[in-house]
Amino acid sequence: MTSPKIRTLELKEYKQFELLRQNEKPWPYLTDAFTYIWDLAYEIVPRAMLSVEIDNEWAGGAGYALAETDPELAFMGIIIKPEHRRKGLGQQVYAQLSERLQARKIRRVLTMVNAQQVAGLQFAARCGFQEIGRTIYGELDAATADIGAWADPEQIVARQNLRFTTLNRFPRRGLADRLLPIWNRTRPDQPQYWPYVPISANRLEREVFEPEAIVWEHSFAIVTAENHIVGLTLNIHTAENRLFTFYTAVDPDFRRQKLGLALKLKLIAHAQAHGMAGLAAENDAGNAAMWRINQQLGFYRLLETVVYQKMLDQ
Numbered sequence: 002m003t004s005p006k007i008r009t010l011e012l013k014e015y016k017q018f019e020l021l022r023q024n025e026k027p028w029p030y031l032t033d034a035f036t037y038i039w040d041l042a043y044e045i046v047p048r049a050m051l052s053v054e055i056d057n058e059w060a061g062g063a064g065y066a067l068a069e070t071d072p073e074l075a076f077m078g079i080i081i082k083p084e085h086r087r088k089g090l091g092q093q094v095y096a097q098l099s100e101r102l103q104a105r106k107i108r109r110v111l112t113m114v115n116a117q118q119v120a121g122l123q124f125a126a127r128c129g130f131q132e133i134g135r136t137i138y139g140e141l142d143a144a145t146a147d148i149g150a151w152a153d154p155e156q157i158v159a160r161q162n163l164r165f166t167t168l169n170r171f172p173r174r175g176l177a178d179r180l181l182p183i184w185n186r187t188r189p190d191q192p193q194y195w196p197y198v199p200i201s202a203n204r205l206e207r208e209v210f211e212p213e214a215i216v217w218e219h220s221f222a223i224v225t226a227e228n229h230i231v232g233l234t235l236n237i238h239t240a241e242n243r244l245f246t247f248y249t250a251v252d253p254d255f256r257r258q259k260l261g262l263a264l265k266l267k268l269i270a271h272a273q274a275h276g277m278a279g280l281a282a283e284n285d286a287g288n289a290a291m292w293r294i295n296q297q298l299g300f301y302r303l304l305e306t307v308v309y310q311k312m313l314d315q
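Just so we're aligned, residue 2 is where the sequence shown starts under the working numbering, counting upward by one.
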């Protein structure tokens, strides 16, 4: 094999990595941590991306994001194109990336690996990473799901003088401002290992709404009589006729009133009414109670991602 060339990318070249999303299969396939870097709230920094090239053709890359509130924390990821894997390229680019992180005085690094990728798990172990958490991805066959024995979600919210609405009923202009309060109130207590920083409406629009391509007509809110949003579920299309719930939240002042369950039941009924084939959702593996509810609703375990941590000064 020709010796690989590892070089630093210029900012103008960063977008080439978006080809990864186009070349990989859709849900349920997850590549590895690298594709998650764009989903973090951070500003891309110069010299944070490396490209691996063989015979002047792109074979993979690596990159990192810096935590805004912790100067010693970074999130890193590596991805190698399938035809170039298991040839030691990942180890080479990891070594160079680690040198750069240490030069920036980064002490703690996080990464994420698909648990079905045995080679990725072995790589993390060889490099000295320690597992600190897992996320379960579950899927539901919407057509066969039986929710008849469950409480009526409309009645659950009506008893509390609340109601459901789909987000496409709100004007698209200004929707980020409307959703910002519940986002900033609920995002910090979602399962996460990355320090959360309250964001602005512009940033919510730029970093969440635009890249996620939310389907507003299939995303729900629970609102008060004054139209204040106190419950929220945001969904995206993962494949034809399938939805993935990437965010569900209930305002802290309205918790322990089964509103989270009501959102799930409402979405299942909505999916059935619209002929959806399947629903998918993520669940922190440490939240056994929520996973138990998901299983009772008919969700089955599809895959897991493992969150790893490494101290670079050890």
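Positions of the beta carbon are idealized from the N, C-alpha and C atoms, including for glycine.
>> Just to confirm before moving on: does the CB-CB distance between A222 and L298 stay below 7 Å?
In response: Along the sequence shown, one-based indexing puts residue 222 at 221. Along the sequence shown, one-based indexing puts residue 298 at 297. No; because the gap between Cβ atoms is not below 7 Å, this pair is not in contact.
> Starting from R207 and walking both ways along the alpha helix (DSSP H), at which residues does that stretch end?
Replying inline: The residue labelled residue 207 in the question sits at position 206 within the sequence shown. First-last for R207: undefined, no H or E at that position.
> What's the gap between the Cα of I148 and the Cα of E208?
Replying inline: The residue labelled residue 148 in the question sits at position 147 within the sequence shown. The residue labelled residue 208 in the question sits at position 207 within the sequence shown. Each residue's alpha carbon lies about 35 Å from the other.
> Would you say V198 and E69 are within 7 Å of each other, going by their C-beta atoms?
Replying inline: Along the sequence shown, one-based indexing puts residue 198 at 197. Along the sequence shown, one-based indexing puts residue 69 at 68. Taking C-beta atoms as the reference points, V198 and E69 count as a pair closer than 7 Å.
> Is H275 buried or exposed, if buried means 16 or more other CB atoms sit within 10 Å of its CB?
Replying inline: For the purposes of this step, residue 275 is identified with residue 274 of the sequence shown, where counting begins at 1. With fewer than 16 other Cβ atoms within 10 Å, it is exposed.
> Taking just the CA atoms, how far does R256 sit from A270?
Replying inline: As a working note, residue 270 is residue 269 in the sequence shown. As a working note, residue 256 is residue 255 in the sequence shown. Spanning the two alpha carbons is a distance of roughly 22 Å.
> Under the DSSP definition of a beta bridge, which residues are partnered with N284?
Replying inline: Locating residue 284 in the sequence shown gives position 283, where the first residue counts as 1. For N284, which the question treats as bridged, DSSP gives the partners I137.
> Cβ of R302 within 6 Å of any heavy atom in the ligand ATP?
Replying inline: The model on display carries no ligand, and the ligand ATP is accordingly not part of it.
> Where does K311 fall in DSSP's three states?
Replying inline: On the sequence shown, position 310 is the one that residue 311 refers to. The DSSP-derived three-state label of K311 is strand.
>> Report the CB separation of L303 from E84 in whole angstroms; it is logged as a contact under 8 Å.
In response: The count along the sequence shown starts at 1 and reaches residue 303 at position 302. The count along the sequence shown starts at 1 and reaches residue 84 at position 83. With a contact defined as Cβ atoms closer than 8 Å, L303 and E84 miss out at about 26 Å.
> Of the residues W217, I157, Y138, V53, which one's Cα is nearest the Cα of R174?
Replying inline: As a first step, residue 174 is located in the sequence shown; it is residue number 173 there, counting from the start. The closest CA to that of R174, considering only W217, I157, Y138, V53, is found on W217.
>> Here's the rule: buried if 16 or more other CB atoms are within 10 angstroms of the residue's CB, otherwise exposed. What is E283?
In response: The residue labelled residue 283 in the question sits at position 282 within the sequence shown. With 16 or more other CB atoms across the displayed protein chains lying within 10 angstroms of its CB, E283 is buried.
> Based on the DSSP output, what are the partners of T239 in its beta bridges?
Replying inline: As a first step, residue 239 must be located in the sequence shown, where it is residue number 238. For T239, which the question treats as bridged, DSSP gives no partner whatsoever.
> Can you round the beta-carbon distance between L90 and M77 to whole angstroms, since I take them to be within the 8 Å contact cut?
Replying inline: In the sequence shown, the residue the question calls residue 90 occupies position 89. In the sequence shown, the residue the question calls residue 77 occupies position 76. Not quite, the Cβ-Cβ distance comes to about 16 Å (not below 8 Å), so this is no contact.
> For L31, which residues of its own chain have a beta-carbon under 6 Å away from its beta-carbon, when the five flanking residues on both sides are left out?
Replying inline: The sequence position of residue 31 within the sequence shown is 30, counting from 1. Confidence is the limiting factor: at L31 the pLDDT is only 48, short of 50, which leaves the residue's position unreliable, though a coordinate-based value still follows. For L31, where only same-chain residues beyond five positions count, the Cβ hits under 6 Å are N115.
> By a C-beta neighbour count over all protein chains shown, 10 Å radius and 16 as the cutoff for buried, is M312 buried or exposed?
Replying inline: Position 311 of the sequence shown, counting from 1, holds the residue named residue 312. M312 comes out exposed.
>> Using only the alpha-carbon positions, how far apart do G287 and R293 sit?
In response: Taking the sequence shown and counting its residues from 1, one reaches residue 287 at position 286. Taking the sequence shown and counting its residues from 1, one reaches residue 293 at position 292. Roughly 11 Å separates the two Cα atoms.
> Going by other Cβ atoms of all chains shown within 10 Å of its Cβ, with 16 needed for buried, is Y248 buried or exposed?
Replying inline: In the sequence shown, residue 248 corresponds to position 247, counting from 1. Buried, because 16 or more other Cβ atoms sit within 10 Å of the Cβ of Y248.
>> Whole angstroms are fine: how far does the CA of V224 sit from the CA of G62?
In response: Indexing the sequence shown from 1 puts residue 62 at position 61. Indexing the sequence shown from 1 puts residue 224 at position 223. Cα-Cα distance, rounded: 44 Å.
> From which residue to which residue does the beta strand (DSSP E) around E58 run?
Replying inline: On the sequence shown, position 57 is the one that residue 58 refers to. Element bounds for E58: 58 to 67.
>> For a test of the three-state rule: what should DSSP assign to E218, helix, strand or coil?
In response: Position 217 of the sequence shown, counted from the first residue, corresponds to residue 218. Helix.
> Within 10 angstroms of its Cβ, does V119 collect 16 or more other Cβ (buried), or is it exposed?
Replying inline: On the sequence shown, residue 119 is found 118 positions in, with the first residue counted as 1. Answer is exposed; the Cβ neighbour count stays below 16.
> Looking at C-alpha atoms only, which residue of I55, Q117, A143, Y95 is the closest neighbour of R127?
Replying inline: Indexing the sequence shown from 1 puts residue 127 at position 126. For R127, the nearest C-alpha among the options comes from Y95.
>> Per the DSSP calculation, F245 is bridged to which residue(s)?
In response: Along the sequence shown, read from residue 1 onward, the residue named residue 245 stands at position 244. Paired residues: I237, A281.
> Going by beta carbon distance, what residues of the same chain come within less than 6 Å of L266, once the five residues before and after it are set aside?
Replying inline: Counting from 1 along the sequence shown, the entry for residue 266 is found at position 265. Annotation for L266: I148, W151, P154 place their beta carbon closer than 6 Å to its own, counting only its chain and skipping 5 residues before and after.
> Apart from the five residues just before and just after Q273, which ones in its own chain have a Cβ nearer than 8 Å to its Cβ?
Replying inline: Position 272 of the sequence shown, counted from the start, is the residue given in the question as residue 273. Within the same chain, Q273 has close Cβ partners A143, A144, A146.
> Buried or exposed: which applies to N295, given that a residue is buried once 16 or more other Cβ atoms fall within 10 Å of its Cβ?
Replying inline: In the sequence shown, the residue the question calls residue 295 occupies position 294. With a threshold of 16 other beta carbon atoms within 10 Å, N295 meets it and is buried.
>> Less than 7 Å between the beta carbons of I133 and V308, yes or no?
In response: Position 132 of the sequence shown, counted from the first residue, corresponds to residue 133. Position 307 of the sequence shown, counted from the first residue, corresponds to residue 308. One thing to note: I133 has its Cβ within 7 Å of the Cβ of V308.
>> Only counting the same chain, and skipping five residues up and downstream in sequence, which positions put a Cβ closer than 7 Å to that of A49?
In response: In the sequence shown, residue 49 corresponds to position 48, counting from 1. So the qualifying residues of the chain are G64, Y65.
> With a Cβ-Cβ cutoff of 7 Å, do I157 and K6 count as a contact?
Replying inline: If you number the sequence shown from 1, residue 157 lands on position 156. If you number the sequence shown from 1, residue 6 lands on position 5. The answer is no: Cβ separation not under 7 Å.
> Buried or exposed: T246, going by 16 or more other Cβ atoms within 10 Å of its Cβ?
Replying inline: Within the sequence shown, numbered from 1, the residue matching residue 246 stands at position 245. Within a 10 Å sphere around the beta-carbon of T246 sit 16 or more other beta-carbons, which makes this residue buried.
> Nearest-angstrom Cα distance between T9 and G121?
Replying inline: Here residue 9 is taken as the residue at index 8 of the sequence shown, counted from 1. Here residue 121 is taken as the residue at index 120 of the sequence shown, counted from 1. Between T9 and G121, the C-alpha separation is close to 23 Å.
>> Using the three-state DSSP reduction, which class does Y115 fall into: helix, strand or coil?
In response: The count along the sequence shown starts at 1 and reaches residue 115 at position 114. The displayed chain sequence assigns Asn, not Tyr, to residue 115. Correct three-state label for N115: strand.
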